[in-house]
Amino acid sequence: MRSWKYVLSKLFKAVVTENKRLIKDHYLLTLSPLKKIKKNRPGNFFMISVESGLDPLLKRPFSLHRSTKNGFQILYRVVGKGTTILSNKTPGDILDVIGPLGNTFPVNNKHRNILVAGGLGIAPIFGLADSIVNSPGLEQPLLFYGARTGKEVLCKKNLADISIRPVIATDDGTAGKKGNIVKVLEKFLKSGSINVNEYSIYACGPKPMLKALSALTNKLGIKGYAALEQSMACGIGTCLGCVVHTTRGLKCVCKEGPVFPLNEIVW
Amino acid sequence: MRSWKYVLSKLFKAVVTENKRLIKDHYLLTLSPLKKIKKNRPGNFFMISVESGLDPLLKRPFSLHRSTKNGFQILYRVVGKGTTILSNKTPGDILDVIGPLGNTFPVNNKHRNILVAGGLGIAPIFGLADSIVNSPGLEQPLLFYGARTGKEVLCKKNLADISIRPVIATDDGTAGKKGNIVKVLEKFLKSGSINVNEYSIYACGPKPMLKALSALTNKLGIKGYAALEQSMACGIGTCLGCVVHTTRGLKCVCKEGPVFPLNEIVW
Amino acid sequence: MKKKTITLKVNIGKLKLKNPVMTASGTFGYGREYAEFFDISRLGAVVVKGLSLKPRQGNQPPRIVETASGMLNSIGLQNIGIDSFIENELPFLKKVKVPVIVNFFGDSIPEYAEAAAKLGATKGIHALEMNISCPNKQAGWSIFGTDPRVTSKVIMAVRKATSLPLIVKLSPNVTDIGLMAKTAEDAGADAISAINTLTGMAIDIRSRKPKLANIIGGLSGPAIKPVALKMVWECYKSVKIPIIGMGGITTAEDAIEFMLAGASAVAVGTGNFINPAITMEILEGITSFMEEEGISSLKQLKGEAH
Amino acid sequence: MKKKTITLKVNIGKLKLKNPVMTASGTFGYGREYAEFFDISRLGAVVVKGLSLKPRQGNQPPRIVETASGMLNSIGLQNIGIDSFIENELPFLKKVKVPVIVNFFGDSIPEYAEAAAKLGATKGIHALEMNISCPNKQAGWSIFGTDPRVTSKVIMAVRKATSLPLIVKLSPNVTDIGLMAKTAEDAGADAISAINTLTGMAIDIRSRKPKLANIIGGLSGPAIKPVALKMVWECYKSVKIPIIGMGGITTAEDAIEFMLAGASAVAVGTGNFINPAITMEILEGITSFMEEEGISSLKQLKGEAH
Ligand SMILES: Cc1cc2nc3c(=O)[nH]c(=O)nc-3n(C[C@H](O)[C@H](O)[C@H](O)COP(=O)(O)OP(=O)(O)OC[C@H]3O[C@@H](n4cnc5c(N)ncnc54)[C@H](O)[C@@H]3O)c2cc1C
Ligand SMILES: Cc1cc2nc3c(=O)[nH]c(=O)nc-3n(C[C@H](O)[C@H](O)[C@H](O)COP(=O)(O)OP(=O)(O)OC[C@H]3O[C@@H](n4cnc5c(N)ncnc54)[C@H](O)[C@@H]3O)c2cc1C
Ligand SMILES: Cc1cc2nc3c(=O)[nH]c(=O)nc-3n(C[C@H](O)[C@H](O)[C@H](O)COP(=O)(O)O)c2cc1C
Ligand SMILES: Cc1cc2nc3c(=O)[nH]c(=O)nc-3n(C[C@H](O)[C@H](O)[C@H](O)COP(=O)(O)O)c2cc1C
Ligand code: FES
Ligand code: FES
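Given below as structure tokens:
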């Protein structure tokens, strides 16, 4: 009767080892699974139960930020009921999690990889940068990172540790250039010295940013990918709740994404 | 616009100052209201929110166990969802509470008062004993206290502190007499030396015990009162959810009780 | 936008209210108990527990079961009767100076009409809310709320019996609530309130018996909010008379959702049990929302999501 | 009572199941994804996502909104179509050796019949579940589930088209579910499943627009359990054919409540999203309960609360 447990693999309990407030409403959660979990890769996400009761009911999706020795980290912002509860977790609390879920960023081994993060988009993009830096034979990636304000530029130390010096833009100019990071990227890509055929772009951020980015990459004919978000129920491709429009029809963000080619996304 | 707050009085926030596990699933919760609350008396109860979310939805009723310098105590047993959540509260947690609610035990100043507690019924009965002991001019009450087993006999030290030596009976005989506390009381009341007209009885405990007790008191013509329980929604007499049958029709436990004359309860 | 330009005033037909937040029948008694928690004169209106000509004992206990984000009740319309209400409870509400809406019901069409006539002749009552929808049915009683022909007849009889603003409270336990709303409008209702409780039940697996003595009860609370909101939305599409929206409201945001769906005013039921001062928090929240969004009148919200 | 004397076997008409725990249509895909979480051959049956003759795109996103202890969905019957199911998905389920119940629907009576005939002629399908109740209606589509005359006609057409066990899945959005169940029984259904989702909606107060692109969605999850349980109770009173109970089941206790109300088997929907292995925990819990209570067969539970 109890033999079903052997197949459980993407379903696990994880203990909170740290839940650190970085700035204002941004937190870094470190989880240590209570059993061996599947290997996770940049782009993957986890569905986390923030509550054992029935309200809130559904698990919340969060991108893998970074793998650690004993588990992984989630970088999140408090926006509603679920994330508020999550922000009150303390070391020793145990959470139900499923994952790793979803696809990964298809890094191009031969290209120079350009990473673009907007706001919390740095959560998966940092992990991607880390993994590229640690992949022998891959060139150091470039990071274009936009935020609302200087204070919300995260991961500065961690980026420095892997020798990445991001090009930063903020809405209010309190860090890096003032303005839109996609504009900054455009300028870079259009500068005479760049051959766009040698670059690939990997992005995560708010919808308007990704939309602008896909307009840009489509115009320049440069290959790019973005991790998307959509409200989710199951996280594994069974409820068909998380679809987005693509040139190949409606696709599930949880299963066929979250990473999609920029030129296939229909905004 | 905000002036409504001035009338709030039975609605308050209280901070958990202690939440001590006594035995197995029995806990003693000490609450310190964040504002001055109304005077509470034995028999009164409080409706406590165990959760800020919507599940569980309703507040839970708990008898006043004992007043403290900065607040009051609740003695409770973990039986379901709400009490499980309550048992996980730690000092510093803040709970929404309404109370004190309900009526009190109408202690007879001229009689010798007999208190009868079954199981968790000791929660309000201890408070009653304490208040009688501390009322000048009142005789020391007698306490008949039944429990399932010796380990579940609570408040021993506190009872000793107020010089009450309870007559105990347990189902398994591991403390006091083996058997039913109502039977023990009956023997006492029927012993030749007792004039039943000089005694009043105040009881709280499981329904079968109270039923047996009311049969006994009705038979002997001795005046008695019991604190009853019923599922509650509002706790203040507006939903009409918590009614019990009495000789005077259906009555709300929350507003017209929880203490009722034993000879008026229709079982 | 300056605060002083905001008005929360709302008209339900001839009934003029200073704000749209009222209490739902059966969850606020006759108002007295809540006066210990806040100044109830600040409410848009108090809707009292459903009254009948004669006092009623209601159903056997147990009458309350908690469910996921909701509760079942089978009170069964226990009430003190119209006479006792007028004599013992109404004077208090009059003194408080809060608009009083009396929820009432009968066992037959003549009883409905007689109750309405009696209440209509009483000073200090501002409107009547006709309950045709209580799920605790006895002897086919529920047809008043589910069979449009009977619904129409009983409303017309009540309409003739009183000139007070007449609110008809609809049952959600029907296939087409829009049709029921239209039936009420055509029969002379001045307003609709929606929704009453959904029928539901719970079973104790150890005793293997229903948890409510009455077996079936009415489900209320946040659990039913999506259903209630959709029904208000349907009613708004089908009638022109004002709608009082209710069902699971516990926050200002919930109340605003109902207004956007088409409600002119809202009522809070089960929420009062969770927090006795919840109506005041909702009122404050609506005001803040209007300030933030630069809305000066509730007319700018009503039905705006359509 | 010794463990070995307990049997979880249950018959749904001619369909024999090793246990009463199945998955609810639309919440388990075609089974494949959950095989990564547990051995799905342990399920009483897998009920697949609703299929139509032609593939369907479904509704526009957003399609999911969480509500208090529940969720709204407006998937709109997106599916890969019967042919693709038979070719690409059924072989996997056959290999797993789990009973397969195919949920299906059509836009017209002939389409329903054609779909049933096609599925009925396919090896490896153990029963058909006919969805007449999806609330994501297009062009009056919902009348299949709410107008007894139409319900009767479409079921009779399907009944003629297939000899597979035929389960009719009822809509809860009706005044009298007992009547709908009886209609299905009389028209030839071998079993009833109840309930599908309740219609509901949610509004974003900042954008002042419905949160679902489709405006209206179906409410599921623990919030609706009391309503579902009461409807199963009503169906049990009105028909003799077996009932598959569903609506908000997340624990063994919930499942047992449905059986006590009259269900022969149960289906778990939204619960799968909360915990992908929930069906196995429910199965274990039912077994433990039977051990504790000395129950050897589910027959001793079915309808016992009546
Ligand atoms: C694949 C994926 C990866 C994600 N990774 C991260 C991450 O690494 N860090 C992080 O902070 N957030 C991430 N998110 C978003 C995160 O899931 C939501 O912020 C979270 O679910 C909100 O829960 P809540 O209960 O606090 O908010 P709710 O109370 O549910 O909603 C509050 C607000 O947040 C919005 N919201 C709700 N769900 C989502 C969602 N899925 N996506 C976007 N907005 C939403 C609502 O529309 C509402 O405005 C990710 C989402 C997806 C789909
Ligand atoms: C006036 C009053 C005073 C009370 N004082 C105390 C007290 O001092 N200490 C204490 O431990 N308990 C007391 N109770 C009982 C207490 O309210 C319940 O144990 C509690 O509400 C259970 O909540 P739960 O969520 O843990 O259980 P649930 O999950 O709601 O239910 C678990 C079990 O407890 C039973 N139960 C639920 N509510 C009640 C209730 N109101 N009365 C009895 N059984 C119930 C249920 O039927 C079920 O079997 C009192 C009840 C009342 C009405
Ligand atoms: C305990 C209780 C008693 C109720 N009694 C009545 C009543 O007498 N008359 C009536 O029309 N509605 C009655 N209702 C229904 C409410 O007025 C309201 O329509 C319903 O509960 C939905 O709102 P809510 O979810 O905010 O509670 C009652 C509801 C509850 C919970
Ligand atoms: C995302 C989702 C998709 C659904 N799709 C279907 C479907 O295709 N066919 C169907 O008959 N029911 C469908 N349903 C209804 C469920 O099968 C079930 O009847 C309902 O959700 C109640 O059960 P629950 O509360 O356990 O989820 C769907 C439900 C959900 C949540
Ligand atoms: S969240 Fe269920 S299919 Fe993507
Ligand atoms: S609990 Fe509401 S009247 Fe007693």
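Residue numbers (our numbering), protein chains in the order written: chain A, 1 to 267; chain B, 268 to 534; chain C, 535 to 840; chain D, 841 to 1146.
Where a beta carbon is used, it is the ideal one built from N, C-alpha and C, also for glycine.
Same chain, Cβ closer than 7 Å to residue i, five either side skipped, listed in chain order
i	result
A:Pro42	Leu64, Thr104, Phe105, Pro124, Gly127, Leu128 and Ser131
B:Asp292	Arg344 and Val345
B:Arg269	Unreliable placement is indicated for B:Arg269, whose pLDDT of 44 sits below 50; no coordinate value is reported for it.
C:Lys629	none
D:Pro895	Asn919, Ile920, Gly921 and Ser924
B:Arg515	Glu531
heavy atom of ligand 5 below 6 Å from residue i C-beta
i	result
A:Leu22	no
A:Ala233	yes
A:Leu11	no
D:Gly898	no
Check: residue i C-beta below 6 Å from any heavy atom of ligand 4
i	result
D:Ile915	yes
D:Thr991	no
D:Thr867	yes
D:Thr1165	In the structure as shown, chain D begins at 841 and stops at 1146. Residue 1165 of chain D is therefore absent and cannot be evaluated.
D:Ser1011	no
D:Lys889	yes
C:Thr601	no
beta-carbon residue i near ligand 2 non-hydrogen atom, thresh 6 Å
i	result
D:Ala1034	no
B:Gly328	Correcting the residue type first, residue 328 of chain B is Pro in the shown sequence and not Gly. Yes, the beta carbon of B:Pro328 sits closer than 6 Å to at least one heavy atom of ligand 2.
A:Leu28	no
B:Phe312	yes
C:Thr680	no
C:Ala510	What is shown of chain C runs 535 to 840, which leaves residue 510 of chain C out entirely.
Closer than 6 Å: residue i CB and nearest ligand 3 heavy atom
i	result
C:Met780	yes
B:Gly504	no
D:Asn928	no
C:Ser754	yes
Supposed contact pair residue j and residue i - C-beta distance, whole angstroms, cut 8 Å
i	j	result
B:Gly502	B:Pro328	6 Å
D:Ile1083	D:Cys1075	5 Å
B:Gly366	B:Phe312	6 Å
Same chain, Cβ closer than 6 Å to residue i, five either side skipped, listed in chain order
i	result
C:Gly819	Ala786
D:Gln978	Residue confidence for D:Gln978 is low, a pLDDT of 47 falling below 50, so the modelled location carries little weight and cannot support an answer.
Near ligand 8: residue i beta-carbon under 6 Å from a heavy atom
i	result
A:Asn19	By its list of ligands, the structure shown excludes ligand 8, since it contains just ligand 1, ligand 2, ligand 3, ligand 4, ligand 5 and ligand 6.
Proximity test, residue i beta-carbon vs ligand 1 heavy atom, cut-off 6 Å
i	result
A:Arg41	no
Cβ-heavy atom distance, residue i to ligand 6, below 6 Å
i	result
B:Gly369	no
Own chain, CB closer than 8 Å to residue i, minus 5 neighbours either side, in chain order
i	result
D:Asn1054	Asn899, Gln900, Arg903, Ser914, Gly916 and Asn976
A:Ser9	Ile37 and Lys38
D:Met1071	Leu1010, Pro1012, Ile1017, Ala1034, Ile1035 and Gly1087
Quick one, which residues of the stretch 1082-1115 of chain D are near chain A if we go by CB-CB under 8 Å, in chain order?
Thr1090, Thr1110, Asn1112, Phe1113, Ile1114 and Asn1115
Name, going along the chain, the residues of the stretch 317-330 of chain B whose beta-carbon falls closer than 7 Å to a beta-carbon of chain D.
Leu321 and Asp322
Closer than 9 Å between beta carbons: that is the criterion. Which residues of the stretch 218-252 of chain A meet it against chain D?
Gln230, Ser231, Met232, Ala233, Cys234, Gly235, Ile236, Gly237, Thr238, Cys239, Leu240, Gly241, Cys242, Val243, Val244, His245, Gly249 and Leu250
If the cut-off is 7 Å on Cβ atoms, which residues from the stretch 732-748 of chain C count as contacting chain D, listed in chain order?
Those would be Leu732, Thr733, Gly734, Met735, Ala736, Ile737, Ile739, Arg742, Lys743 and Pro744, in chain order.
Residues from the stretch 91-113 of chain A in contact with chain D, defined by Cβ distance under 8 Å:
Asp96 and Ile98
Could you list the residues in the stretch 1066-1079 of chain D with a C-beta less than 7 Å from some C-beta on chain C, going in chain order?
Pro1066, Val1067, Leu1069, Lys1070 and Trp1073
May I ask you to list, following chain order, the residues of the stretch 618-640 of chain C that have a beta carbon less than 8 Å from some beta carbon of chain B?
none
Name, going along the chain, the residues of the stretch 904-920 of chain D whose beta-carbon falls closer than 7 Å to a beta-carbon of chain C.
Thr907, Ala908, Ser909, Gly910 and Leu912
Report the residues of the stretch 464-482 of chain B with a CB closer than 8 Å to any CB of chain C, ordered along the chain.
Residues are counted here when their Cβ sits less than 8 Å from a Cβ of chain C; for the stretch 464-482 of chain B the count is zero.
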